[in-house]
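**Q**
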């Protein structure tokens, strides 16, 4: 393929689908708001991460296939070599982190390092690749202070009662002075006067206007803090962190900024305000927001007690099941999270894995290469990926492709010795199409045999089955009915375990059994 595939994305800033064109195709930049690491992340956080991960994979498919291939195999890929540079931050200083550290009597780094690792491990378990870079807020304090000084020098920020705040009423005037195509509220669609009308809560005494937001605040005794010129010891406000980390590791203007719809206002709106005024240029050319994840008819919230943690879900469900469930609705549509959604996703993955198991992964991979090389066929198969990440359509197409793969050729074509001479090329390429599209989704990343074992050691269980059957027969011959009953009961339990997994035990001559998928 000589021309790069054309990706379209819905741009939240312009409220329309647009053809994505990076500033530099040799360095495509993307940022996703990461977690505040004071506790476990919930499944809503996971949806934002999975959406960003699929976009990361699609961008690599277009601009750096070598990077995608290496990361998909779990191989390291040097950041300086990457043509798609994806940053997902860690917020490691925050009121909740400080409160948790005080309660436990430890330094905040103990809390943040623990939960940052858990977050990364949980995301890896649901198939998310590590970002190219993972900046931490505490590593960009100097950049935050530089941005704040620039805003102070431009009279867009002000110092009051130990705080430094962004004056939202100054942004529009400054934009007109500098001929900047921006205004406060452009992303969220909120009018400045609505924000200034005053909230129902009392406006802090140090604010000029109700809508002004904190860039820097004083650190209390016993809290972490950093010295800042003439402003004393303090720590950053929430919004300034992302602007600083973006400028620090990606540049003043990036190609794509991702995040959940809940961050659009005030977080992303304030990021735009401070960055555009400090840099005199846009923060991001594309804004990609995913919709909420709801629990049945209710929004997930701590007050309702229906928050589902990734960490807890992984105890009962394989990470790929959770990932597929998160991809079932288009990212710009609300996703209803239910037990049935997980069961449906598990059944679908079982079908796809059974298909790959039948032919063997090496054979399927060889078909994937043929599929990739065939002109026209490949482009049609990945078209939904390129149309604003239409993943539900991709999933439907995968099911159709799977139906076009020949069935009934026995367990594992490599072991059977069968060839493809009697099968049409198109049918085999369907198998390659299934594998490639699922890999681009971050699915079917396991060995099919391991998938069906589901954590069970099948070989050990079959060995135990043969052993207890032999003991039962020995007990029968010895007239030990109690022992015989105990052993036959255990052999039935093992059969039931296998049956629940869709596995059949087959006995062979010599008393040594084997297992196969039903």
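In the working numbering, the protein residues as written are 7 to 524. Don't be surprised by glycine CBs; every beta carbon is placed ideally from N, CA and C.
How long is the line joining the alpha carbons of residue 17 and residue 336, rounded to whole angstroms?
**A** 15 Å
**Q** Quick check: what's the CA-CA separation for residue 485 versus residue 496?
**A** 18 Å
**Q** Taking only the alpha-carbon atoms, compute the straight-line gap between residue 359 and residue 39 and give it to the nearest angstrom.
**A** Rounded to whole angstroms, residue 359 and residue 39 show a C-alpha spacing of 33 Å.
**Q** How should residue 509 be labelled, buried or exposed, when 16 other C-beta atoms within 10 angstroms of its C-beta is the threshold for buried?
**A** buried
**Q** Identify which residue in 287, 220, 167 has its Cα closest to the Cα of residue 185.
**A** 287
**Q** Quickly, what does DSSP pair residue 253 with across the bridge? List them, please.
**A** Answer is none; residue 253 lacks a bridge partner.
**Q** Check residue 292 in the structure and name its three-state DSSP category.
**A** Residue state, collapsed to three classes: strand.
**Q** Just to confirm, does residue 275 get its C-beta within under 8 Å of one of the non-hydrogen atoms of the ligand FAD?
**A** Here there are no bound small molecules, and the ligand FAD is not part of this structure.
**Q** Extract the residue ranges of the alpha helix (DSSP H) inside the region 318-348, only unbroken runs of 4 or more that lie entirely within it.
**A** Those alpha helix (DSSP H) runs which fall completely within the region 318-348 and span 4+ residues are 325-332.
**Q** What is the rounded straight-line gap between the Cα of residue 249 and the Cα of residue 450?
**A** Roughly 36 Å separates the two Cα atoms.
**Q** Should residue 474 and residue 520 be called a contact, given that it needs their Cβ atoms to be closer than 9 Å?
**A** Not closer than 9 Å, so no.
**Q** Look at the Cβ atom of residue 267, then the Cβ atom of residue 35, and state whether they are nearer than 9 Å.
**A** no
**Q** With DSSP collapsed to three states, give me the class of residue 40.
**A** Coil, per DSSP.
**Q** Whether or not the region 123-138 and the region 45-52 are in contact is what I'm after, with contact meaning three or more pairs of Cβ atoms, one per stretch, closer than 8 Å; do they touch?
**A** yes
**Q** With distance defined between alpha-carbon atoms, name the residue in 333, 58, 46, 62 nearest to residue 352.
**A** When only C-alpha atoms are compared, the closest one is 333.
**Q** Across the region 8-28 and the region 73-88, are there enough close Cβ pairs to call them in contact, namely three or more that are closer than 8 Å?
**A** no
**Q** Given residue 271, which residues of its chain have a CB within under 7 Å of its CB, disregarding the five upstream and five downstream residues?
**A** Counting only Cβ-Cβ distances below 7 Å, and skipping sequence neighbours, we find 194, 196.
**Q** Classify residue 408: buried if its beta carbon has 16 or more other beta carbons within 10 angstroms, exposed otherwise.
**A** So residue 408 ends up on the buried side.
**Q** Counting Cβ pairs closer than 8 Å, one from the region 148-162 and one from the region 241-248, do we hit at least three?
**A** By the Cβ rule, the region 148-162 counts as touching the region 241-248, because three or more pairs are nearer than 8 Å.
**Q** With contact counted as at least three CB pairs below 8 Å, one residue from each stretch, are the region 273-286 and the region 153-171 in contact?
**A** yes
**Q** With distances taken from CA atoms, which of 92, 108, 300, 189 is nearest residue 226?
**A** That would be 108, whose Cα lies nearest to the Cα of residue 226.
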